[in-house]
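Inspection log for the structure reproduced underneath, given as structure tokens.
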Amino acid sequence: MTDQTGTKAVPGLGVVVMAAGQGTRMRSNQAKVLHRIAGRPMVLYALDLARRLAGHSVAVVVGHQAEQVRAVLQAAIAGVADAAPVHIVEQRQQLGTGHAVLQTRDVFAGKKAPSAYLILNGDTPLLQDTTVRELLRAHQSSGATVTMLTVVLADPTGYGRVVRRQGAGESGDVIKIVEHRDASPDERAIHEINVGTYVVDGAFLFAALEKVQPHNAQGEYYLTDIVDMAVRQGHRVSALQLTSPDEGLGVNTRRQLADAEHVIRQAIRRRWMDAGVTMIDPASTWIEAGVTIGKDTVLYPNVTLEGTTTIGEGCELRSFTRVTNCAVGNQVTVLDHCVFAESQIESHATLGPFVHLRPGVLIRQKAKVGNFVEMKKTELGEGSKANHLTYLGDATIGKGVNIGAGTITCNYDGVHKYKTIIGNNVFLGSDTQLIAPVTIGDGAVIAAGTTVTEDVPADALTIARVSQVNRDGWAARRRALLVKDAATPAKPVTQAAPSKRGSNKKKRR
Ligand code: UD1
Ligand code: MG
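Residue numbers (our numbering): 2 to 510.
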């Protein structure tokens, strides 16, 4: 182990991530490590850390809902090629953290076995790279066999307590870790807890784990028992105490999940503010871990950016807008109350208020989409506008097109979806329906109220609506008739003879 201070992998370091537990205290049908924090499954925080540090390889122990956890891990691994290799190991029965680590023995076996192991709990997502590097440095400089991370908590309930040699002339060295359920009243009064992050000498780890016995309140093989074992064999155990209690947070309950979410979201916001993003009200601005934002972008209160969304520079996103897995260019303006998913918006476009982009939309440069417009699998060309009360689905729309208010692509016949193709510089009047499949040539004009059922040639005018009829004086005559009607007492229906007025009535219906 030579590089423990920088940002590089640590030569000879094997890393184990324990992620097989069910997480009973979460009271969930989903494995604990799959619960999301700032949009990312919890286990990926430990995986990232492991891959940054491992100079040898990483072993992740899965068990409860192994297939789902494996799938999440594999998807994450596929995205990063230059980090340490990751082996996914199954712990068929969750017999405890000591048993979990023991399952990884074969991964590291061989001539070039790791000189040391870093062991991480899969439920400690706030742990920082720099802290773990410091732990590795402390391990090397103290010559200890086991070096562990501890923290002093105001409320240590539920955590393993760190028991040190006490009394006059004693070293204060760690002698054992006692789990909450096994602790005596005196031990429960200890506020220094085990974070669940350990560096262990290569030669010691697996030999010690083999000897761990499940003699405790839970009947489990505790990894923490290797501390007591090392001490009894005359080895040194040293501890590094965290100064920030947040970092050591172990997520076992929904409350702790919410606490972790709070801390990570705050860190994400600070990172983007440091990178030049304005947040008018940071506390109500929700940015998930996988999002990137360009400088001089302004986020108004209650904006939510999710998934793999990228926002360019100099954009303005007004309140109550949610953007999920979208690519947004530079200088894009998004007014209030928009929902965008899996879509692309090029630079200088303006959207909103109340725009819904469903997956597969491409808004080209300088296009405008506004006021209650829904789009799906549609390209809107450069400078084109769809500003009012419109549905555009499965459509390709050229440049400089005006989509009139109330335009609808009728793309669905109840079974199949069909495409609408609109050329450049087309003018669609208001209340146009386009019965797909249909193609409209460049420069065509579609008169308001038209239902387009057939292709339209370039530069044509298309009108498909009932011709207007004006009847001079009709309205005045009708009014007079109605007034006269109101003045005449009603006659019983059975006595009424058919009259001119009666036939009029029928016509009105
Ligand atoms: C553990 C420590 C405790 C420490 C706390 C810090 C032990 C015995 N106790 O307790 O001293 O204060 O973490 O957060 O290690 N896991 C497996 N297989 C198993 C059991 C657990 O892979 O058979 C995994 C879990 O998925 C989890 C991690 O190990 O990611 C820790 O397990 P958990 O049950 O949360 O242990 P704690 O009770 O929190
Ligand atoms: Mg835990």
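Don't be surprised by glycine CBs; every beta carbon is placed ideally from N, CA and C. From a predicted model like this one, the values you see are computed outputs, not experimental measurements.
Per DSSP, the bridge partner or partners of Phe-341
Val-324 and Leu-358
Compare the Cα-Cα distances from Leu-103 to each of Val-16, Arg-134 and Val-304 and report the closest residue.
Val-16
Identity of the residues DSSP links to Trp-287 by a beta bridge
Thr-305
Sorry if obvious, but does the Cβ on Glu-180 come closer than 7 Å to a heavy atom of the ligand UD1?
yes
Would you say Leu-241 touches the ligand UD1, meaning its beta carbon is less than 7 Å from a heavy atom?
no
Determine, using beta carbons only, whether Gly-99 comes closer than 8 Å to chain C.
Of the chains in the structure shown, none is chain C; there is only one protein chain.
Identity of the residues DSSP links to Tyr-199 by a beta bridge:
Ile-120 and Met-149
Anything with a beta carbon under 5 Å from a heavy atom of the ligand MG counts; list them all in chain order.
Asp-124, Gly-251 and Asn-253
Is it buried or exposed, Val-18, if we count other Cβ atoms within 10 angstroms and call 16 or more buried?
buried
What does DSSP give as the partner residue(s) for Lys-439 in the beta ladder?
Reading off the sequence shown, one finds Val at residue 439, where the question assumed Lys. Answer by DSSP bridge pairing, in chain order: Thr-421.
Once DSSP output is grouped into helix, strand and coil, what is the label at Gln-23?
coil
Provide the residue span of the alpha helix (DSSP H) that contains Gln-257, from first to last.
255-275
Would you kindly work out how many angstroms separate the C-alpha atoms of Ile-176 and Gly-313, rounded to a whole number?
Cα to Cα, Ile-176 sits roughly 54 Å from Gly-313.
Can you tell me whether Leu-243 is helix, strand or coil according to DSSP?
Coil.
Please check the pair Ala-310 and Thr-325, which I expect to be a contact at CB under 8 Å, by giving their CB distance rounded to whole angstroms.
First, the residue type needs correcting, since residue 310 is Thr and not Ala in the sequence shown. That pair is a contact at about 7 Å.
As a quick exercise: from Tyr-223, Gln-332 and Ile-404, pick the residue whose alpha carbon is nearest that of Ala-101.
Tyr-223
Run the proximity test for Lys-212: is its beta-carbon closer than 7 Å to any non-hydrogen atom belonging to the ligand UD1?
no
Using three-state DSSP, classify Phe-373 as helix, strand or coil.
coil
What is the residue span of the beta strand (DSSP E) that Thr-451 lies within?
Note, Thr-451: premise wrong, no beta strand (DSSP E); not H, not E.
Helix or strand or just coil, what does DSSP make of Gln-434?
strand
Rounded C-beta distance between Ile-227 and Pro-126? I'm assuming under 8 Å.
No, Ile-227 and Pro-126 are not in contact; Cβ-Cβ is about 24 Å, not under 8 Å.
Do you know offhand how far Tyr-199's Cα is from Gly-415's?
Going by the C-alpha atoms only, they are around 60 Å apart.
Three-pair Cβ contact test at 8 Å for the stretch 440-449 versus the stretch 467-479
no
Excluding five sequence neighbours on each side, which residues of the same chain lie with their C-beta closer than 6 Å to the C-beta of Ala-79?
Contacts found: none.
Runs of alpha helix (DSSP H) lying entirely within the stretch 454-489, each at least 4 residues, in chain order
With a minimum length of 4 residues, the unbroken runs of alpha helix (DSSP H) contained wholly in the stretch 454-489 fall at 475-488.
Who pairs with Ala-74 in a beta bridge, going by DSSP?
A quick correction: the sequence has Leu, not Ala, at residue 74. According to DSSP, Leu-74 bridges with nothing at all.
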